[in-house]
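If you're matching them up, the sequences are chains A and B in order.
All residue numbers for the first sequence refer to this note's numbering, where the first residue is 1385 and numbers rise by one.
All residue numbers for the second sequence refer to this note's numbering, where the first residue is 580 and numbers rise by one.
Glycine included, each C-beta is placed from N, C-alpha and C at the ideal position.
In this text the structure is predicted, and so the values were computed from the model without any measurement.
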Amino acid sequence: MSVVVVLQAAVPRDIGLFEWLLDGDTWTGRAGILSSLLDTVILCGAVMATAIVLTVPLATALAHYRKGELTLTWFVTLSRAIPTFAVAGLLVPIALKRGWGFEPWPIFLALLLLALPPIYLNTYTAVRQVDQGAVDAARAMGFRERDVLFRVELALAMTVVLTGIRVAAVQVVATEPIRAFLGGDGLGRYVRDGLGQNNDTLVVGGAILVAALAATTGLAFALLERVVLPNGIRRLQSTQTR
Amino acid sequence: MFDLPVLQARNPIIRWSYFVDEWDQIQAALQQHIELTVIAMAIGIVVSSALAGVALRYAWSLPPITAFSSFLYTIPSVALFGLLVPYTGLSRTTAVIPLASYTLLVLVTSIVDGFRAVPAEVRDAADGMGLTPRQRVLQVELPLALPYIVTGLRIATVSTVGLVTVAAIIGQGGLGRLILDGLRRAFWTPMTIGASLSIVLALLLDAATYGAGRVAMPWARRGRAS
């Protein structure tokens, strides 16, 4: 809340930001913050789940067999430069023509395209860099190839994989608000409505909500990284970075 | 939102005659898109050169500078455009500030990495040959750092072209305007054209930056990847 007070003081004239954010009606109802937030979280969750399922096993397997170095460089170039707004804008007419409707396919696919590169990139590089000694030891202990892949290589690469997932999640959450400008709703709707109605309270309030969600996502995933990581690997890392 | 069956009946994804009939509009949008990209990149390059200069001179300042640039980078574009509206209105300034801010992380990192990759022996040799610090930086270190910097410039250019379309939400945004106008009028042709042209423009500017790098680094034309 202190952020709101600072912003309120910094804005050129009083736009009643505080009142808007503290008003119960702002939060409840169909166009309320809570239901918009849920909209956004569900879409981003679906995008991330799909991206992880599509990318992590594939990248792990490709890195294991040292295949697809070319796709790696391709992903590096791509990862920072995907014009999500243009991609979604291109997909909207196609989706409507095919009768898929405005939502959620265009924005879902555009965000998915945004989420794939960081996860793929981190998984691939991390698995490739796993200590060959550990892999050989696992083989010697009679691990099947699939177990070597997922229980040794992927486990050892997990920190970097999780970082990739965090980067992707933050980008997806930060970009999702454009959905409100492409015929959908979600947390970006307040900025859109505010701009349409020339209402600075809605614009700034909505912008704060969007930024807060992105920041929270980053923090939440950083916490998750600490919780999910197996103890053995954490110990391994602390000895490695000694 | 709209009456879909009616829309679908006679509304092609792209109507080619639009290129001829509305060329003025397309041209204006394209021009604004390029202007916004160039202005944002120019400001980004100046600011990040200064920041990288400080970071290279005083090593302790690199972490806070990187933290600041990453902080800017993680602010959602819709939010940053929105937050500036009460100050600078629906103006070009409101579009340029976020666009330039987003380039900082990539550019600062690439400049710093580039200069740090210059071998110490080379630097010593330049000093030993009696070059002044300014000559050493401009004639020895900068050329050696260029491959990194060009890579950074390419990433920053392509992502700026993509982000310019988002500035359409505050009434700027070049080709992004075509996307939003098309959506508002439920007319798909401008949407398709705006979206495709912005992707094509990104690829062209990327190729142009790559080409400029090739011209600036004739020695890198053989073998070494940049």
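Give every residue of the same chain whose Cβ lies closer than 7 Å to the Cβ of residue i, excluding the five residues on either side of it in the sequence, and list them in chain order.
i	result
I1503 (chain A)	A1435, I1436, T1439, V1440, G1548, I1549, A1552
E1537 (chain A)	T1444, H1448, V1511, V1514, V1519
S649 (chain B)	L684
T1412 (chain A)	L1418
T1601 (chain A)	A1553, V1554, V1557
W798 (chain B)	none
T1457 (chain A)	none
Find the nearest neighbour of residue i within the set the options, judged by alpha-carbon distance.
i	options	result
T688 (chain B)	B:P665, B:I676, B:A724, B:L678	B:A724
L686 (chain B)	B:A735, B:V657, B:F694	B:A735
V1519 (chain A)	A:A1541, A:L1500, A:V1557	A:A1541
A1499 (chain A)	A:D1531, A:A1521, A:M1432, A:Q1516	A:M1432
L659 (chain B)	B:A696, B:P677, B:I593	B:P677
A774 (chain B)	B:L669, B:A747, B:P643	B:A747
S680 (chain B)	B:Y727, B:A795, B:V729, B:I644	B:I644
A629 (chain B)	B:I690, B:R671, B:N590, B:R715	B:I690
V1556 (chain A)	A:N1506, A:D1409, A:V1425	A:V1425
L780 (chain B)	B:T744, B:F647, B:P591, B:Y637	B:T744
G1429 (chain A)	A:R1618, A:F1459, A:F1605, A:E1609	A:F1605
M722 (chain B)	B:L710, B:F694, B:E700	In the sequence as presented, Met is not what sits at residue 722 (chain B); that position holds Pro. If we check each option's Cα against that of P722 (chain B), B:F694 comes out closest.
R671 (chain B)	B:A765, B:Q751, B:P797	B:Q751
P726 (chain B)	B:D600, B:R636, B:I624, B:M796	B:M796
A1596 (chain A)	A:V1554, A:D1531, A:R1528	A:V1554
F598 (chain B)	B:G623, B:V729, B:L776	B:L776
T1410 (chain A)	A:P1501, A:L1446, A:R1573, A:L1613	A:R1573
G1400 (chain A)	A:L1613, A:P1490, A:L1586	A:L1586
G741 (chain B)	A:L1474, A:G1483, A:D1531, A:E1453	A:L1474
T739 (chain B)	B:A704, B:A765, B:I778	B:I778
M620 (chain B)	B:Q606, B:T788, B:F647, B:M708	B:T788
R1450 (chain A)	A:A1524, A:A1415, A:Q1516	A:Q1516
I1478 (chain A)	B:W798, B:L651, B:A765	B:A765
V794 (chain B)	B:V729, B:Q606, B:Y637, B:T711	B:V729
D692 (chain B)	B:F647, B:E700, B:G731	B:G731
T771 (chain B)	A:L1480, A:R1414, A:L1421, A:T1455	A:L1480
Please check the pair residue i and residue j, which I expect to be a contact at CB under 8 Å, by giving their CB distance rounded to whole angstroms.
i	j	result
Y1508 (chain A)	A1443 (chain A)	4 Å
V626 (chain B)	L683 (chain B)	6 Å
D1569 (chain A)	D1423 (chain A)	6 Å
V657 (chain B)	V1575 (chain A)	5 Å
A1558 (chain A)	T653 (chain B)	7 Å
E1609 (chain A)	L1546 (chain A)	5 Å
L1373 (chain A)	L1593 (chain A)	The displayed coordinates of chain A run from 1385 to 1626. Any statement about residue 1373 (chain A) would go beyond what the structure contains.
A705 (chain B)	V719 (chain B)	4 Å
Let me know if residue i comes out buried or exposed under the rule of 16 or more other beta-carbons within 10 Å of its beta-carbon.
i	result
E1403 (chain A)	exposed
L733 (chain B)	The sequence shown places Arg at residue 733 (chain B), rather than the Leu named in the question. The residue is buried, with at least 16 neighbouring Cβ atoms inside 10 Å.
D603 (chain B)	exposed
A791 (chain B)	exposed
N1506 (chain A)	buried
R1626 (chain A)	Because R1626 (chain A) sits at a pLDDT of 39, beneath the cut-off of 50, its placement in the model cannot be relied upon, and the following sentence gives the value as read from the coordinates. Label assigned to R1626 (chain A): exposed.
L600 (chain B)	Note that residue 600 (chain B) is Asp in the sequence shown here, rather than Leu. It counts as exposed.
P1501 (chain A)	buried
L1566 (chain A)	buried
D1584 (chain A)	buried
S596 (chain B)	exposed
V1612 (chain A)	exposed
A699 (chain B)	exposed
Can you list, in chain order, the residues of its chain with a C-beta nearer than 8 Å to that of residue i? Leave out the 5 residues immediately preceding and following it.
i	result
V664 (chain B)	T673, I749
D785 (chain B)	R733, T736, V737
A767 (chain B)	One point to set straight first is that residue 767 (chain B) is Trp, not Ala, in the sequence displayed. Excluding residues within five positions, the ones whose Cβ falls inside 8 Å are N590, P591, I592, I593, G761.
I1617 (chain A)	A1539, L1540, M1542, T1543
L1533 (chain A)	T1444, A1445, H1448
A1521 (chain A)	none
R1535 (chain A)	A1522, F1527
G1416 (chain A)	D1409, T1410
G1452 (chain A)	L1446, Y1508
Assess, as a yes-or-no matter, whether the segment 1468-1484 of chain A is touched by the segment 755-763 of chain B under the definition of 3 or more beta carbon pairs within less than 8 Å. yes
Please determine if the segment 651-666 of chain B and the segment 1575-1594 of chain A are in contact, where contact requires at least 3 C-beta pairs separated by less than 8 Å. yes
Do the segment 1556-1566 of chain A and the segment 604-620 of chain B touch if we need at least three Cβ pairs shorter than 8 Å? no
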